[in-house]
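Trainee: Got a structure here, written out as C-alpha cells. Questions coming.
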Amino acid sequence: MTYNSPKSKAKFIFFTGGVVSSLGKGIAASSLGAVLKARGLRVTIMKLDPYINVDPGTMNPYQHGEVYVTDDGAETDLDLGHYERFLDISMSKLNNATTGQIYETVINKERAGDYLGGTVQVIPHITDEIKRRIRAVAETPIGNGGTGTYLGETGRDARPSDIAAGRNARLPDIATGRDARPTEFRPPDIALLEIGGTVGDIEGLPFLEAIRQLGLELGPKNCCYVHLTLVPFIDSSGEMKTKPTQHSVKELREIGIQPDVLLCRTHQPLPVELKRKIALFCMVKPDEVIEAIDVESIYDVPLNLEQQGFSDIIVRRLNLRCQPPDLTLWKETLDHLKRPKHSLEIAMCGKYTGLHDAYKSIMEAFVHAGGANNARVNLRWIDSEKVDDNNAAEVLANIDGLLIPGGFGDRGIEGKISAVRYVRENRIPFFGICLGMQVAVIEYARHIVGWKDANSSEFNDKTRHPVIDLLPEQRKLKKKGGTMRLGAQPCHVLPNSIAHKIYGQEIISERHRHRFEVNNDFRAVLEDYCLRFGGLSPDHKLVEMIELPDHPWFIGCQFHPELKSRFTKPHPLFREFVKAALEYHIESERAEIQVK
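Offset between the sequence shown (1-based) and the working numbering: plus 3.
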C-alpha cells in the first residue's frame, strides 16, 4: 500500500434540489459518482444536511428514516447508504455534516476565544466552517477501489451469473478491508456534494452561500452546479408544466448560483420542445436539460442518465481526462436482478412498517441478495404489535423466511417473540439483526430453557432472568446521542460454526449500533441448551452471533450487516439467508404438489 498526502486538486460537483423534497438528489449524485468511477476517476461524496440536530441518531425514524452508521461510528443520513451501495466505497464522519455540527464547532471556537473577541456571524464564520469541511473531504485520500471487497476462491470478482450458479461466490475481505490488489490511497479527483432540503428553505441558505463562494474561489473549470427539479404532469389539462422548474432556478440564481445542468424529474418523457423551453428560460443548453424519468429500479438511474450524456457534460465542463465508462458489471448485475427465475416471500416484522425508509439498507440488501440467488424477494411488512401466539400462524402463513430488524423500545416486542417462536418451531429460515437477535435469545430462554420471565432489562428491569442487559459502562450514561456501541468492530467467528461457513474466515469486521448485549451470566446455560454463539468479540466477552445447528437456517447477529451490502457485492449473510429461504420455498412447493 502506498499513501500520498498532497493537497487535493479535486473538482467539485454540487447537487441542489428545488420545487419539492425527496426528488432523489442522493440517487442522482450516487449515479453520477458510479459512472465517473467507472471512467477511472477517484470519487468521493458528501451530504450537507440543513437540520439543526447534530446527527439523526436521536431522531424518530418516522421523522428522518433510517440512521446509517459508518465504519468510524458516525450516525448519518440514509443517503450515505446510497453512496456506499452505488460507489462501493466506505464513508466516514467526514462525509456528512449538519447545521447542528457546524454551529456547534463555531460556538465552541467562540467560547475558546479563537475569534479574538470579534463578532461571530453567519458570513464569514458559518460559511467558512462549511467550506472547511467540504475541502477536508476533498483532501482525504481514498483507495482506487471499494473497501471490504468480496473475493472468490481465485481472488477475483465473480460475475452475477457465477454467483447465481454458486460458482466462485464472493466472500468479504472485511477482516482487513483490503482489495485483492494493493490499494493506492490518493486524494479524490472528484468531490460530489449534495445539499439537503430544497432551494428556498431558510435553514439551507448558509450552505448555498458557502457553495456559491466556493464557485468563485475555485473557478468555472473546477466546479459544476447540478440542480434537480420537478416537471409535473397536470391531469386536468393534460400538460407537463415547466413553471415550477423556472421558479426554482430563478430562486437559485437570486442566491448567486447559475446551474450548469438541470435534472428534471418526470413521470413521462420530456418532449424536445419542452427541453428547449426549459433551457431558454433557465440559461442552459438544451442538451444540459437531462430527463430524470421514473424507472423500474434505482439501479437503472446511472444507465438512464448516462444514455443522455450526463457524465460527458460533466467531463467537458470540468476539463477532465478520463476513459469512457466501463459499466459491464453494472449492466450484467442489473440484467440478472430484473429477470429472476424464482420469487419468494420474506416477512419483515418490526414497528416502523408504516415507513419503509426506516429499513432502507435492509430492503436494498435483499435486492442485492435476491439478484445473487436468481430470485425476486417480496417483503411482507408485519406490524409486530399485531402479532401474538394465537395469530402467528395466520399472520406468517406461506412465508419463506422471517427477518426481525434492529430497533429500540419495548413496543411490539412480545409480537416479535411470538413470530420467532413460530418460525423456530416450524423450521422456517430466520434472520435476526441487532434487536432481532436479542429477541431470539429471549424467546429461546423462555420456551426452551424454561425461564418464563426471561427478558431484556431494556423492557423489564425487574426480571430475574435479564438475558439481555446493559454493559456496566453504559449504565451511568445520561446522554443519548452518540453514546452507543457504534461503528465497525472486529468479530471472531468460531471454527466449525455455520457463520464460519458463510464468511469463510475467522476474523471479520461489522458495524454496530446498540447499547444492550447478551448477558454473560446466562451464556453457559443457554449453550447447555444448544444455543450456539457462533461469533464473539475477540476477547470472547461479547456475543456477536447466535445460531441453531439443528435448524435449517436460524442466525442472529448483534451488528448490522445490511450496512455493508453493495449493489454488485451482496453481503454473505443476506445472500445465504435468501438462499435458505429459496430452498425452503422450493421444498414447500414440492410438498404441496405431492399432497395434490
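Glycine included, C-beta positions come from ideal geometry on N, C-alpha and C.
Would you call the region 52-64 in contact with the region 35-43, where contact means no fewer than 3 C-beta pairs closer than 8 Å?
Mentor: At 8 Å Cβ cutoff, the stretches do not touch.
Trainee: Ends of the alpha helix (DSSP H) at Ile-92?
Mentor: No alpha helix (DSSP H) contains Ile-92, which DSSP labels as neither H nor E.
Trainee: With respect to the alpha helix (DSSP H) encompassing Phe-433, which residues constitute its N-terminal and C-terminal limits?
Mentor: Note, Phe-433: premise wrong, no alpha helix (DSSP H); beta strand (DSSP E) at 433-436.
Trainee: Can you pull the DSSP bridge partners for Thr-19?
Mentor: Thr-19 pairs with His-230.
Trainee: In the DSSP assignment, find the unbroken beta strand (DSSP E) run with Asp-315 in it and report its ends.
Mentor: Run containing Asp-315: none in the beta strand (DSSP E); it sits in the alpha helix (DSSP H), 313-320.
Trainee: Out of Leu-323, Ile-133, Cys-267 and Leu-219, which one is the CA nearest neighbour of Pro-209?
Mentor: Taking only the C-alpha atoms, the option nearest Pro-209 is Ile-133.
Trainee: Quick check: what's the CA-CA separation for Leu-306 versus Arg-383?
Mentor: Taking the straight line from one Cα to the other gives about 30 Å.
Trainee: Could you tell me if Glu-291 is buried or exposed, where buried requires 16 or more neighbouring beta carbons within 10 angstroms of its beta carbon?
Mentor: Answer is buried; the Cβ neighbour count reaches 16.
Trainee: Could you say which of Glu-586, Val-109 and Ile-471 lies nearest to Ala-443 if we only look at CA atoms?
Mentor: The shortest C-alpha separation from Ala-443 is found at Ile-471.
Trainee: How long is the line joining the alpha carbons of Gly-146 and Phe-369, rounded to whole angstroms?
Mentor: Gly-146 and Phe-369: Cα-Cα distance of roughly 27 Å.
Trainee: Excluding the 5 residues preceding and the 5 following Leu-337 in the sequence, name in chain order all residues of the same chain whose CB lies nearer than 6 Å to its CB.
Mentor: Taken in chain order, the residues that qualify are Tyr-302.
Trainee: Would a C-beta distance cut-off of 7 Å place Ile-48 and Leu-195 closer than the cut-off?
Mentor: Yes. Within cutoff.
Trainee: Where do the ends of the beta strand (DSSP E) carrying Phe-536 lie?
Mentor: Taken as a continuous stretch (DSSP letters only), the beta strand (DSSP E) holding Phe-536 covers 535-539.
Trainee: Run through DSSP, which three-state label would Gln-441 get?
Mentor: Helix at Gln-441.
Trainee: How would you call Gln-597, buried or exposed, if buried means at least 16 neighbouring beta carbons within 10 angstroms?
Mentor: It counts as exposed.
Trainee: Is Val-505 near Cys-494, with beta carbons less than 7 Å apart?
Mentor: According to the sequence as given, residue 505 is Ile; it is not Val. The answer is no: Cβ separation not under 7 Å.
Trainee: Considering only the beta carbon of each residue, do Gly-490 and Gly-76 sit closer than 7 Å?
Mentor: Against a cut-off of 7 Å, the Cβ pair of Gly-76 and Gly-490 comes out as a contact.
Trainee: Where do the ends of the alpha helix (DSSP H) carrying Gln-216 lie?
Mentor: Here the alpha helix (DSSP H) through Gln-216 covers 208-221.
Trainee: Tell me where the beta strand (DSSP E) around Ser-421 begins and ends.
Mentor: Premise fails: Ser-421 lies in the alpha helix (DSSP H), 416-428, not in any beta strand (DSSP E).
Trainee: Whole angstroms is fine: what's the gap from Ser-240's alpha carbon to Lys-280's?
Mentor: Their Cα atoms are separated by approximately 19 Å.
Trainee: For Leu-529, which option in Arg-514, Pro-541, Leu-551 and His-543 has the closest C-alpha, if you only look at C-alpha atoms?
Mentor: Closest by alpha carbon: Leu-551.
Trainee: DSSP has Thr-47 in a bridge; who is on the other side?
Mentor: Beta-bridge pairing links Thr-47 to Ala-194.
Trainee: Contact check, His-230 vs Leu-283 under 8 Å by CB: the rounded distance?
Mentor: With a Cβ gap of about 16 Å, His-230 and Leu-283 do not count as contacting.
Trainee: Who are the Cβ neighbours of Asp-413 in its own chain at under 6 Å, not counting the five residues just before and after it?
Mentor: Only Phe-462 meet the Cβ criterion.
Trainee: Can you tell me the Cα-Cα spacing of Ile-558 and Phe-433, whole angstroms?
Mentor: Cα-Cα distance, rounded: 6 Å.
Trainee: Given a cut-off of 7 Å, decide if His-563 and Arg-514 are closer than it, judged by their beta-carbon atoms.
Mentor: For Arg-514 and His-563, yes; Cβs fall inside 7 Å.
Trainee: Is the beta carbon of Lys-14 less than 7 Å from the beta carbon of Leu-321?
Mentor: Going by C-beta atoms, Lys-14 is nearer than 7 Å to Leu-321.
Trainee: Can you give, in chain order, each stretch of the alpha helix (DSSP H) that sits fully within the region 366-422 and has at least 4 residues?
Mentor: Taking only runs of at least 4 residues, the alpha helix (DSSP H) segments lying wholly in the region 366-422 are 395-398.
Trainee: Among the residues of its own chain, which have a CB less than 7 Å from the CB of Ala-361, if the five just before and after it don't count?
Mentor: Excluding residues within five positions, the ones whose Cβ falls inside 7 Å are Pro-64, Gly-68, Glu-69 and Tyr-355.
Trainee: Check each candidate in Ile-501, Leu-438 and Ser-459 and name the one with the smallest Cα separation from Phe-580.
Mentor: The residue with the shortest Cα to Cα distance from Phe-580 is Ile-501.
Trainee: Mind checking which residues open and close the alpha helix (DSSP H) that includes Pro-305?
Mentor: First-last of the alpha helix (DSSP H) with Pro-305: 304-310.
Trainee: Taking the CB atoms as reference points, tell me whether Val-22 and Thr-232 lie closer together than 7 Å.
Mentor: Yes, these two residues count as a Cβ contact at 7 Å.
Trainee: Taking Ala-13 as part of the alpha helix (DSSP H), name the residues at either end of that continuous run.
Mentor: Premise fails: Ala-13 is in no alpha helix (DSSP H) and is neither H nor E.
Trainee: Looking at the strands, I want to know which residues DSSP matches up with Asn-458.
Mentor: Partner(s): Pro-469.
Trainee: Under 7 Å, do Met-440 and Cys-560 count as touching if we go by C-beta distance?
Mentor: In this structure, Cys-560 lies closer than 7 Å to Met-440 by Cβ.
Trainee: Does DSSP classify Pro-493 as helix, strand or coil?
Mentor: Reduced to three states, the DSSP call for Pro-493 is strand.
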